[in-house]
Amino acid sequence: MIGFEIIDPVFKTYVLGNAPLERLGEGFRWAEGPVWFGDMGMLLFSDLPNNRVMRWSEADGVQLFRAPSDFANGHARDREGRLITCSHHGRCISRLEHNGEVTKLVDRFEGKRLNAPNDIIVKSDGTIWFSDPLFGLQTDYEGGKQKAELPPTVFRFDPRDASLRVVADDFEGPNGLCFSPDERKLYVAETGPLFADDPTQHIRVFDVGDDGRLSGGAVFHKVTPGFADGFVADQHGNIWSSAADGVHCIGPTGDLLGKVLVPSLVSNLAFGDRFGSRLFICASHSLYSIFLNVRGATWP
Ligand code: MG
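Residue 928 is where the sequence shown starts when you use the numbering used here, and the numbers rise one by one after that.
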């Protein structure tokens, strides 16, 4: 099949030979942080170095959603459908209210400023989980050089009492994250230090306890050729991950099942469209999509 690499036969059942990769937009500096809004039939994503958030819909194509964006990166929706945003420059997590106002949810841990929140997810209990690596502080390209006050960390924020808790602190560069469909596992990308010669590029997996605490943390999958940035889970618990040569589909046991080949470095992904079986792919300067024969995970 052209455009795919089949490694495990099951991957053949996930892809469609007559549904090629589509380029939906180009001309971005670094596309990131996609999130699907089914009720509005639109995808939002960051054009991070251009300090803007873009909107794509089938009817209108790519349009500007918000600029300046305070160097927004990762996005998610909360249980009330509100947009949750990671801001590199603002070093905070914010929420776009239904009336259009922006609420800063959290920007400090124990009095110290967050680094540059990168990627973000919302659990079915409403808690907000995000990575806070140093990347966004280390160059002017993604928000402006600033001094770090905290080590790289994965946090859990509870908007009900505004509490912020460290859930993992043994990462050099925590990046993308997602839950398994039953939310019993949390996957977190380790992108490694920004300027390392051979940075770590793998995904770790944690068990999520009933109290929201994590255990485990073994390496789940090494992304080769590496770019372990963002990923999403499908309905079967497979992980569709960024990589240097496209999108890698990784089975629940950590084995590579196949690849969707993409001509530029992939950063992050989101399932969307009417049935949740269209994969939107942020890849360097471009936004792509591909229709698959598998749906994104729906959470409890
Ligand atoms: Mg990222």
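Virtual Cβ for every residue (Gly too), placed ideally from N, Cα, C.
The C-beta of residue 1050 has 16 or more other C-beta atoms within 10 Å across all chains shown, which makes the residue buried. In the three-state reduction of the DSSP assignment, residue 1153 falls in the coil class. If the five residues before and after residue 938 are omitted, its C-beta is found closer than 8 Å to the C-beta atoms of 931, 1176, 1184 and 1185, all from its own chain and listed in chain order. Remark: the shortest separation between the CB of residue 1157 and any heavy atom of the ligand MG falls under 6 Å. Residue 1224 sits close to residue 1162, with the two beta carbons spaced by under 7 Å. Residue 1066 and residue 1220 have their C-alpha atoms some 40 Å from each other. A buried status is given to residue 1195, since no fewer than 16 other beta-carbon atoms sit within 10 Å of its beta-carbon. Your pair residue 1152 and residue 1172 checks out as a contact, with CB atoms roughly 6 Å apart and the cut at 8 Å. In the DSSP assignment, residue 970 forms a beta bridge with 963 and 983. Per the coordinates, the alpha-carbon of residue 955 lies some 9 Å from the alpha-carbon of residue 1214. Residue environment: residue 991 is assigned as exposed (fewer than 16 neighbouring CB atoms within 10 Å of its CB, all protein chains considered).
Placement of the Cβ of residue 1103 at a distance of less than 6 Å from at least one heavy atom of the ligand MG is found.
If you ignore the 5 residues before and after residue 1139, its C-beta comes within less than 7 Å of the C-beta of 1054 and 1083, all in its own chain and listed in chain order. Of the residues assessed, residue 1021 falls on the buried side of the cut-off, its CB having 16 or more other CB atoms within 10 angstroms.
For residue 1082, no alpha helix (DSSP H) encloses it; the enclosing beta strand (DSSP E) starts and ends at 1080–1085. In this structure, the straight-line span from the alpha carbon of residue 1026 to that of residue 1146 is close to 42 Å. In the DSSP annotation of this structure, the continuous segment of the beta strand (DSSP E) that includes residue 1033 starts and ends at 1029–1033.
Distances from the CB of residue 1042 to the heavy atoms of the ligand MG are all 6 Å or more.
Inclusion of residue 1046 in the 6 Å shell around the ligand MG follows from its C-beta lying nearer than that to a non-hydrogen atom of the ligand.
In this structure residue 1043 is in contact with residue 1018, their Cβ atoms being roughly 6 Å apart against a cut-off of 8 Å. By the criterion of a C-beta distance shorter than 7 Å, residue 1091 is surrounded in its chain by 1033, 1036, 1082 and 1084, once the five residues flanking it on both sides are discounted. Apart from the 5 residues on each side of it in sequence, residue 1063 sits with its Cβ closer than 6 Å to the Cβ of 1015, 1043, 1069 and 1070 in its chain, given in chain order.
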